[in-house]
Amino acid sequence: MREQATRAVGEIDEELPSAARVYDYLLGGAHNFAADRELAERLLLVLPCARDLARLNRAFLRRAVVYLVGRGVRQFLDIGSGIPTVGNAHEIAHEAVPGSHVVYVDRDPVAVAHSQLLLEGDEHATIVQADMLHPETILGHASTRRLLDFSQPVGLLMTGVFHFVLPDADARSVLARYRDALAPGSFLALSHLTADTGAEQMAAAVEVMSHSSDPVQPRSHAEIRELFAGFDLVEPGLVGTAVWRPDRPEQAEQEPGGSRIYAGVGRKP
């Protein structure tokens, strides 16, 4: 497994930045290359709160998983899971309910390689290398089917990834194909960049990310709300990451960049 992971990393283009590795750098990780760090620093120049956005998005993932576990969910499909860092979905779920099943999905070879190393020997979690724009490939993958029972509720995690779905890919249709595969009682946890606030800064950030393998498409509150079609949003609805069921409500409103990413959780009736 370790030899396969090393070979996979060695085969990638280190000069082309990827969102997964830029995100890793913003979170303080070490699984990134010089080109990723350079792009991240350019991003910080035009969007100084970028590290806060990454941190708040990661914190939303933790709170969402804890919420879903509390609603009886014992299996998770984490789309665009990125490079493993502190507080992965399976660690959060296993801490609450040992034996919870988690399938990670990412297309970035570095993210996949390091996930394989992290999950080596774990019978309850795995990683699938695939593009989220091809739901049937992911849903029908042997590793997915081994761990997830789609006749039972699933927690579908799409935190900070759907803004990489460009307009010509028809985001609503893509998400609907995942939704239709889920049993009633399943949940969607989704977070998404917006330009509803700080439009000029976000436009500059979009330009910076256009020089990576993962260009960005921010969406409005209404457009992101449409992605929850077929799900009933739970309280407090679609809000900034900082104020979605915060651990410390008295501090949430003061978080820098707390409204630059909308976040919500919906239940399939």
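To convert a position in the sequence shown, counted from 1, into the working numbering, add 71.
Each residue gets a CB set at the ideal place from its N, CA and C atoms; glycine is no exception.
None of the values given here were measured: they were computed from a predicted structure.
| said: What residue range does the alpha helix (DSSP H) around PHE131 cover? | reply: On the sequence shown, position 60 is the one that residue 131 refers to. Note, PHE131: alpha helix (DSSP H), 121 to 141.
| What runs of the beta strand (DSSP E), each 3 residues or longer, lie entirely inside the stretch 205 to 269? | 226 to 230 and 258 to 264
| field | Collapsed DSSP secondary structure at LEU189 in the structure displayed | value | Here residue 189 refers to the residue found at position 118 when the sequence shown is read from its first residue. In this structure, LEU189 counts as helix in the three-state DSSP scheme.
| Nearest-angstrom Cα separation, counted from GLN288 out to ILE198 | Locating residue 198 in the sequence shown gives position 127, where the first residue counts as 1. Locating residue 288 in the sequence shown gives position 217, where the first residue counts as 1. Each residue's CA atom was taken as its position, placing ILE198 and GLN288 some 26 Å apart.
| request: Determine the direct distance from the alpha carbon of LEU227 to that of ALA165, and round the result to whole angstroms. | output: Counted from its first residue, the sequence shown places residue 165 at position 94. Counted from its first residue, the sequence shown places residue 227 at position 156. According to the sequence as given, residue 165 is His; it is not Ala. Straight-line Cα distance between these residues: approximately 16 Å.
| said: Excluding the 5 residues flanking PRO327 on each side, which residues of the same chain have their C-beta closer than 6 Å to its C-beta? | reply: Reading the sequence shown from its first residue, position 256 is the one you call residue 327. Answer for PRO327: CYS120 and ASP123, listed in chain order.
| query | If we count the other Cβ atoms within 10 Å of its Cβ and call it buried at 16 or more, is LEU237 buried or exposed? | reply | For the purposes of this step, residue 237 is taken as residue 166 along the sequence shown, with counting starting at 1. Its Cβ having fewer than 16 others within 10 Å, LEU237 is exposed.
| query | What residue from ASP202, LEU298 and GLU271 has the CA that sits closest to ALA247's CA? | reply | What you label residue 247 is simply residue 176 of the sequence shown in a count that begins at 1. With distances taken between Cα atoms, ALA247 lies closest to LEU298.
| query | Hey, how far is the Cα of MET273 from the Cα of LEU118? | reply | Mapped onto the sequence shown, residue 273 falls at position 202. Mapped onto the sequence shown, residue 118 falls at position 47. Going from the Cα of MET273 to the Cα of LEU118 covers about 7 Å.
| Should ASP193 go down as buried or exposed, given a rule of 16 or more other Cβ atoms within 10 Å for buried? | Taking the sequence shown and counting its residues from 1, one reaches residue 193 at position 122. Its Cβ having fewer than 16 others within 10 Å, ASP193 is exposed.
| query | Is the number of C-beta pairs between the stretch 201 to 210 and the stretch 87 to 107 that are closer than 8 Å three or more? | reply | no
| task | Check ARG331 in the structure and name its three-state DSSP category. | result | The residue given as residue 331 occupies position 260 in the sequence shown. DSSP places ARG331 in coil when its eight states are reduced to three.
| field | Through-space distance from PRO320 to HIS292, alpha-carbon basis | value | As a first step, residue 292 is located in the sequence shown; it is residue number 221 there, counting from the start. As a first step, residue 320 is located in the sequence shown; it is residue number 249 there, counting from the start. Distance between the alpha carbons of HIS292 and PRO320: 22 Å.
| request: Identify every residue that forms a DSSP beta bridge with PHE147. | output: For the purposes of this step, residue 147 is taken as residue 76 along the sequence shown, with counting starting at 1. Paired residue(s): VAL173 and GLY226.
| request: Determine the contact status of VAL55 and ARG133, defining contact as a CB-CB distance below 8 Å. | output: Look at the range of the chain in this structure, 72 to 340, and you will see that residue 55 is not part of it.
| task | Could you tell me which residues DSSP pairs with THR197 in its beta bridges? | result | The residue you call residue 197 lines up with position 126 of the sequence shown. According to the DSSP secondary-structure assignment, THR197 is paired through a beta bridge with VAL174.
| message | Measuring only the C-alpha atoms, how far is LEU264 from LEU115? | response | Position 193 of the sequence shown, counted from the start, is the residue given in the question as residue 264. Position 44 of the sequence shown, counted from the start, is the residue given in the question as residue 115. Each residue's Cα considered, the two are about 15 Å apart.
| query | Taking Cβ positions, are ASP303 and GLY337 nearer each other than 8 Å? | reply | By one-based count along the sequence shown, residue 303 stands at place 232. By one-based count along the sequence shown, residue 337 stands at place 266. Yes, these two residues count as a Cβ contact at 8 Å.
| Exposure of ASP149, with buried meaning 16 or more beta-carbon neighbours within 10 Å | In the sequence shown, residue 149 corresponds to position 78, counting from 1. Label assigned to ASP149: buried.
| request: Out of THR208, PHE258 and ARG113, state which residue places its alpha-carbon closest to the alpha-carbon of ARG178. | output: Locating residue 178 in the sequence shown gives position 107, counting from the first residue. Check the Cα spacing between ARG178 and each of THR208, PHE258 and ARG113: the tightest is with THR208.
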